[in-house]
Structure formats: C-alpha cells, structure tokens
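> Dropping a structure here in structure tokens format, bear with me for questions.
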Amino acid sequence: MAQPKNPEKHCTYIPPESEKKSSKPMYDTPMLDQLVDGPWPSFVSGLKRLAMNNNMMVDLMGQLEHSYNTRLGYWKGGTVSIFGYGGGIIPRFTELMGDDGEPMFPEAREFHTVRVMPPAGMHYSTDLIRKFSSTWQKYGSGMIAFHGQSGDIMFIGTDTDNIQGFFDEVNEYGFDLGGAGPAVRTSMSCVGAARCEHSCTNEQKVQRLLVNNFLDDMHRPALPYKFKFKVSGCSNDCVNSIQRADMAIIGTWRDDMKVDQGEVKAFIKSKSRKYVIDNIISRCPTNALSLNDDDTLSVDNRNCVRCMHCINVMTKALSPGDDRGVTVLMGGKRTLKIGDTMGTVIVPFMKLESDEDYDALKEIAENTIDFWAENALEHERCGEMIDRIGLVNFLEGIEIDVDPNMINHPRISSYVRMDTWDEEVDKWNQRKAAV
Amino acid sequence: MTEKAKPRTPIESGVPDGMQYMHPVYLKNFGNWKYHDRPRPGVLHHVAKSGDEVWTVRVGTHRQLGPYEIDLLCDIVDKYADGFVRFTIRSNMEVSVTDESKVAPLIQAFNDAGYPVGGTGNSITMISHTQGWLHCDIPATDAAGVVKSLMDELHDEFISEQMPNRVHITTSCCQINCGGQGDIAINIQHTKPPKINHDLVANACERPSVVARCPVAAIRPAIVNGKPSLEIDEKKCICCGACFPPCPPMQINDPEHSKLAVWVGGKNSNARSKPMFHKLVAAGIPNNPPRWIEAKDVVMQILHAYKKDARDWERMGDWVERIGWPRFFELTELPFTKFHVDTWRGARHTLNASTHIRF
Ligand code: SF4
Ligand code: SF4
Ligand code: SF4
Ligand code: SF4
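So the protein lines, in turn, are chains Y and P. Under the numbering used here, the letters of the first sequence match residues 15 to 449, in that order. Under the numbering used here, the letters of the second sequence match residues 3 to 361, in that order.
In structure tokens, the structure reads:
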C-alpha cells in the first residue's frame, strides 16, 4: 500500500508511546497484528488506538488475542439493566480465568454493550456522531458499532456502574434503548423517500409508528421471543425485510407504472436494442414487457408483479405509479428452530395516506402481537407459529380474510375436510360484493 | 450525592425522528425524487423533481469506530461535504453533497485517510458482519477478522463495478446466523455434538427449556454422577448448537471440529426472481485465524466463476438457476457430496422431479 500522505490523519495511525493514556502496558498480539496490514481499514488498528486510551481496551485486546489462539470465545451473559427497563443491555462477563480463579484480563472482566436506537433511516449530523463519541468516552470504552444486524447503534464495552450514567445522558438528548431478549426489537427502514425515487411510502413514518407503539414490549421483555418490524419503500427490499422480519412492510403501487417513452428511446440509443431485449424485456418474470418496432415500450400492467427490475435498469424512463401503498408480509426468520422461513403475504395492498390508514396498520400489528403472545410456544417466532397452526388459523386469529395473493398455488392434497364449503363460498361472494 | 439515591425515570422516546438529522436536500425533496444514476463507482447521483441534485459518496468502514476515526471521518465530512452522514445496513457511510465539484475532493480526502470509496451498483459491497469473539457469548469464530481478511482481498471489487450484479456477502459465527442470507454466506458449521459439562448443568440451565430448544429432540434429562443433568442422543444430534445459548455447559464450540461452511445464492430483493435462500456449496473448511485463508480461497473460486459466467443483472442465485447446480459445481470445481442433498423437512421439494437435465 502507498505511504499515507499524512500519517497522523490515516486509518493506520497509532499514536506514539508518549501519548499513551492507559496505564497498563499493551500485550503482544502477534495474531491480531496480522490483521493490521492490507487495503481495507483495520479494526485492529482501531482497537490499538482505543487501548492507548484506556485499560479496558488493553485487556480486551489481550482476551481477543487469546481467542485467536485458542479459537474459543470467553464471554458469558448475565443480568444488567437500567432503572425502569428490563432490556436493551447486552451484558458480558469474562469467563477467562487464570489458575488463581481470577480473570486473566481483569480490566475487561465486564464488557457490556448498550443498544441504542438510531434516528429512523440512520441519518446523522456529524455533531450527533461526535456527541455520541464523547459521551461514550466518558462512560465506556469509546468503541461504537454503526450498526448491529438488528439496526442498533452498539456502544460496546463498559461496566455495570457506568450503564445508568451513559443511558441518562443519551436519553436526555433524545435517544432510547433498543430491544433485546423476548421483546419487540429495534427496527430498520430503508433510505427511501429521503433520497430514493423508487420509494412508495414514508418508510420512517411507518417504522416510528410501529416501534413507538410497542415501547412497553420493547423495554420490558415478556413476549414468547423476539419480534421484528422492517420497512422497505419498494420490493428491492433494501433492509431485507422478507427474510429478516416478523412483520415486513414494503411499498408498492396498484395503478400503471410510469413510462417516459422519450427516455426509453434515449436508453436504447445509448445501450442498443439487444441490450434492452436481453437485460430488460426477457428478464421480466411475468413477460409483461414488450419492445415495439418504433422503440417504445409496452407494459402489461395487469401482469406486472412490481418486481422493480425494469425500473432499476431504466431509472430515468420508468417509475412506480401514483396509487401507492404497502404490502405486508409476516413470519420471516432465520434457521432456529424449524428452518428458515420467509415472510408471506398477509395484506396484499393497503393505502397509507390518512391517519385512519396508519391506524389500520397499527391495529394489524397489535392484533398480530396479541395473538402471537397468547398462542406461541416459548421461544417460538411468529413464522414458526404460523407454520405450526396453519396460515388460516392465524388469519382467523388476527381477523384478516384469506386472499389468493397469499399463496403460490392452491392445495395439492385432497386430505382435508370441507363440509363448510358453502359457507366459505358465501363469505367470498359477500366480500366481492362489498368491494 | 442525595441525587444519586433517586434513580431517574427514563424518557421512553422510542425511535428518534430521522428528519432532524437529515441532509437539507433530502428533507426538501422528501418523497419527490425523480431518478438516479452512478457517475462512477462509489458515487450515486440523485435528481429530484424540483431539479435539485445530490451526489452521494459511499465509504467503506470497519464498523467498530473509536474516537480517532470518528473525528477523522467527521472532520472530512465537515470540511469537504455538508456535515451529514447516513449509514447503510452494511456499515457503509453515505456522505452527500449538492455541489458536483465537491465530489472529487471528498473522495480524495477519504482515500487519503485510508478509507475506500465504492460499494455501489454491481460491486462487491461491505460484508455484513456479526459480533464474534469480540462480544458475543456463543461464537465459534470471529467476525471482524474474517471480514477484514476478505475485504482486503475484495478491495478492488469494492472500489469498482465489475461484477454481473451486486454481491452481498455475509458471515456468521454460529448457526443462529445473525449475518443472514447472502449471495455468499460464510457460516460456522459444527461437526461434533456438544460436550456436556455435567458439573455445571444443574446450576446454569433450566433443563426443560434446553430440552425444548433442540430441533431434533435429541436431548433428555438425566442424572449423571448423582446430579440432575442432560444427555444427548448423539446419533440424532445434528450439531446445530441451539442448546448452547440457553445452557452454556453444552459446549458445542470446538477449535478443531467447528468448521466453516459456504452457502450461495441468497437474495433478499424481489427483482426478477422472488427472494431466495442461500444453499450449501462447501463445508469442512477449517476455522483458521487470523486470516481464514481456506475460506477465502473457496469464496474467491465462486466469485471467479460467477464473474466469468453470469450475465449482466444476474445475482448469484439467478445465475445458478439459469445454469443449474451441476454446472455450478463444474465451474467452481467444488466437490458435490451426499451432504448437499437436503434432509430437513420439505426436503422432497428440493429434488429434481423432471427430466430437465443439462448436458
Ligand atoms: S427498498 Fe426501494 S425505496 Fe427503499 S431504498 Fe431500496 S430501492 Fe429505494
Ligand atoms: S417491474 Fe418487474 S414485473 Fe413489472 S414489468 Fe418491470 S420487470 Fe416486469
Ligand atoms: S452469529 Fe451467533 S455467534 Fe455470531 S453474533 Fe450472532 S449469535 Fe453471536
Ligand atoms: S447441538 Fe442441536 S441437535 Fe445437538 S443436542 Fe444440541 S440442540 Fe440438539
């Protein structure tokens, strides 16, 4: 790598010994040292700079180096909380004891993380980031992760005595703890309306509406297991909501997509017809696109599934329609315990414009969490419960009608009792008549 | 001191409003953007319906930031940009300017400080990483070290846009898989049942909930050395490690037998194909700090084949669906074994019930 122009303003910089503020000598860390070099900024250089500041990080590096040698972790959980809350802190106590039964790295014997919810959309002013940094230097190690996989700002490394002081200070300037344990968890929304032309909803508003409605379930964990909301403005799903959220809210539209035929022609001219056919027309999952002889584009909007592909490729020529709203899916989660599940459609489309619309979304979330809290087994995610009891029982529990958009195809097994068929047909006809 | 005696009641303020920390041009054009393009790798150019334009520079970070790098980066943002930052879910910083002439000096300033600009469009963006030995209570490997080793190797792909489509890589240090689905996912895969520390079970674990946690009902209560403990039916055990978080004496982590597995083709977006789960392609890879060379080699093998063979806009999973799995194993030269054939519930649906075979 080229020599930095100004070594003191570079991610590889390590201050001279004379500026060392921590009183403990640094450990030899030959394993970690091998992660200093290379073109990507090194977290090890970061750890070293922190260890120059405080003894907790000196010992943290000692323990981490030990892990690199033994290939084992040495943290155990425990109970640490702030006054009034039951969650939001991830307590860590070292398990790495010397022969005398005392911690081998005593200054890092406690190394808790505080989860704090970032501003919706993860927008910051530099003033705010600096403020977090100076508060955390006062109460903790100085190390902040932007962000954890759930979307929290993670203030990593402090002891029990400093938790309350830190929380009080950030809470005074407008920040609250995130979720941990069997609770509603911290949520994420995509950049969306703030800077993305694909956005079909106000992602931040949805995120804040839902999470802030369940703060009691976030701060006092008493649910069967975790519950996550995630919000994406379109089906590109930049926050991975279908696979990572118990309730995913994704922007979409129901009228025709907008086509600027002049821009279509300009795009063809800049790329070629072949490029457009190979990369757009033939990639539409439902064959809804057709290129006309005069280089205009026809869209079969009734069969477009709003996958976003053509719009992603021709950002100037194509855009979502005006009649916008959201699709709600439920039940996404990773492996434990029944295997991976994706969220499935629960509400194919709902408008999100008036206060009543937003209230309706809130009510769906409330009904879902209530039903799940009542019916789930211990440590059972919403998607696992749906799998166990069947989609129809879940829908009846949250008072939502069945809809063919919820399935890939109707049942293939004839082993089912259907003696209330006529009643169900009546319901369908009544719903149809009501529309 | 008396003040310390009465605890302060928290203000349950919840998620803060993002609007108050947002770049003014985002605020002004909220919900009214027209289109975007990418003038160069690492830069997004958005145009609003009002005619306003904004250039956003995307910067790779090492996620865990201390005061030095926070000041270093914020000084750059204050001096060369407008004082606002947004983070992507993959720990990249996005810094916006409304004046095009500021873009090049801003990029230069980040590069001069050692931070790469890239991660946009069809690049390999920052790996989504978990906690690892630094902070989690159950990891079998580190997270930051694996990410650093791989990103060193992938640096050139981060700062350019040369892949068929975007590549999202994830890492996870246990089978809970906080890293999530990825075009390529590198995850711990244990290969031996937990060793039980019977002396500790009675004190540390709520036995019925540990029994309930096992996905294959391999755990049962037992009395060992006269004390209540647990025993595992090792023939049934799938070595998933699910019993370890509720009961740390179920020691699943092993320096030798906790291996890495590589999974391919996960996709979260709905573009073209529906979202997909990633699928197992390689396992038995040693968990080898500090640079995990063997895992890196497998990842590079897959990336080379994808880069060479996939068409524009094909994500890893789209590509494999087009060319088929036999060709994937042929092109990547990875061995196909009996372990690639699924055995979990629903496994039948993963079999080829047709004569569709490529020659
Ligand atoms: S999910 Fe859609 S609206 Fe949101 S940032 Fe991604 S592309 Fe834009
Ligand atoms: S958005 Fe997707 S489904 Fe709709 S026309 Fe475009 S490519 Fe086809
Ligand atoms: S993947 Fe597992 S070990 Fe790693 S941070 Fe998540 S829970 Fe902890
Ligand atoms: S490792 Fe998994 S399968 Fe084995 S006993 Fe524990 S929970 Fe059961």
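Ideal Cβ placement from N, Cα and C applies to all residues, glycine included. Quick caveat: nothing in here was measured; it's all calculated off a predicted structure.
#1: How many angstroms separate the CA atom of P/Pro166 from the CA atom of P/Lys310?
#2: Starting from P/Phe89 and walking both ways along the beta strand (DSSP E), at which residues does that stretch end?
#3: Does DSSP put P/Arg350 in a helix, in a strand, or in coil?
#4: Return yes when the Cβ of P/Ile186 is within less than 7 Å of the Cβ of P/Ser260, no when it is not.
#5: Which residues in the same chain as P/Thr4 place their Cβ atom closer than 6 Å to its Cβ, once the five residues preceding and following it in sequence are excluded?
#6: Find the residues of chain P that neighbour Y/Cys210, judging by a C-beta separation of less than 7 Å, and give them in chain order.
#7: Check whether the Cβ of P/Gln133 lies closer than 6 Å to any heavy atom of ligand 3, and answer yes or no.
#8: Given that P/Glu71 touches chain Y, what residues does it touch there, using C-beta distances under 7 Å?
#9: Count the other CB atoms within 10 Å of the CB of P/Lys197; is the residue buried (16 or more) or exposed (fewer)?
#10: Whether or not the segment 55-70 of chain P and the segment 88-97 of chain P are in contact is what I'm after, with contact meaning three or more pairs of Cβ atoms, one per stretch, closer than 8 Å; do they touch?
#11: For Y/Ser304, which residues in the same chain have their Cβ closer than 6 Å to its Cβ, ignoring the five residues on either side in sequence?
#12: Enumerate, from N- to C-terminal direction, the unbroken alpha helix (DSSP H) stretches of 4 or more residues contained entirely within the segment 350-412 of chain Y.
#13: Please confirm if Y/Trp435 has its CB atom under 7 Å from at least one CB of chain P.
#14: In chain Y, which residues lie less than 7 Å from P/Glu362 when you measure between Cβ atoms?
#15: Going along chain P, which residues have a C-beta under 9 Å from Y/Asn293?
#16: So with CB distances below 7 Å, who are the chain P contacts of Y/Thr127?
#17: Would Y/His137 count as contacting chain B if we go by Cβ distances under 7 Å?
#18: At a cut-off of 6 Å, is P/Pro141 close to ligand 3 when judged by its beta-carbon and the heavy atoms of the ligand?
#19: Would the segment 118-129 of chain Y count as touching the segment 77-89 of chain Y if we require 3 or more Cβ pairs under 8 Å?
#20: Classify Y/Ile421 as buried or exposed, calling it buried when 16 or more other Cβ atoms lie within 10 Å of its own Cβ.
#21: I want to see whether chain Y comes within less than 7 Å of P/Asn113, judged by CB atoms only; does it?
#22: What's the gap between the Cα of Y/Glu22 and the Cα of P/Gly134?
#23: Tell me, please, whether the CB atom of Y/Thr355 is closer than 7 Å to any CB atom in chain P?
#24: Under a three-way DSSP split, which group does P/Ile225 fall into?
#25: I'd like to know whether the C-beta of P/Thr4 is nearer than 7 Å to at least one C-beta of chain Y.
#26: Would Y/Pro21 count as contacting chain P if we go by Cβ distances under 7 Å?
#27: Can you find the residues in the same chain that come closer than 6 Å, C-beta to C-beta, to Y/Ser164, ignoring five residues on each side of it along the sequence?
#28: The alpha helix (DSSP H) spanning Y/Thr140 covers which residue range?
#29: Using a Cβ cut-off of 9 Å, pull out every chain P residue sitting near Y/Asn216, in sequence order please.
#30: Between Y/Ile282, Y/Asn226, Y/Cys214, which has its C-alpha nearest Y/Ser249's C-alpha?
#31: Under 9 Å Cβ-Cβ, which residues of chain Y neighbour P/Leu74?
#32: Alpha helix (DSSP H) containing Y/Pro44: first to last residue?
#33: Can you give me the start and stop residues for the alpha helix (DSSP H) that Y/Ser255 sits inside?
#34: So, helix, strand or coil for P/His2, using DSSP?
#35: Quick check on P/Thr11 - is its C-beta less than 7 Å from some C-beta in chain Y?
Here's the rundown:
#1: 9 Å
#2: 86-89
#3: helix
#4: Going by C-beta atoms, P/Ser260 is not nearer than 7 Å to P/Ile186.
#5: Residue placement at P/Thr4 cannot be trusted, given a pLDDT of 49 that sits under 50; the coordinates are not used to answer.
#6: Trp35
#7: yes
#8: Cys25, Gly60
#9: Looking at its Cβ environment, which holds fewer than 16 other Cβ atoms inside 10 Å, P/Lys197 is exposed.
#10: yes
#11: Contacts found: Ser312.
#12: 369-389, 396-403, 405-411
#13: no
#14: Limits of chain P in this structure are 3 at one end and 361 at the other, which puts residue 362 of chain P out of reach.
#15: The contacting residues are Arg313, Asp314, Trp315.
#16: His137
#17: Note that chain B does not occur in the displayed structure, where the protein chains are Y and P.
#18: yes
#19: yes
#20: By the 10 Å Cβ count, Y/Ile421 comes out exposed.
#21: no
#22: Distance between the alpha carbons of Y/Glu22 and P/Gly134 is about 30 Å.
#23: no
#24: strand
#25: At P/Thr4, the pLDDT of 49 sits below 50, so the modelled position is not reliable; the number obtained from the coordinates is stated separately. Under the Cβ distance rule, P/Thr4 does not count among the residues neighbouring chain Y, no pair being separated by less than 7 Å.
#26: no
#27: Arg199, Thr200
#28: 140-153
#29: Phe32, Gly33
#30: Y/Cys214
#31: Contact note: P/Leu74 reaches chain Y through Lys23, His24, Cys25, Tyr27, using a C-beta cutoff of 9 Å and chain order.
#32: 44-47
#33: 255-258
#34: Residue 2 of chain P falls outside the range modelled here, since chain P spans only 3 to 361, and no answer is possible.
#35: yes
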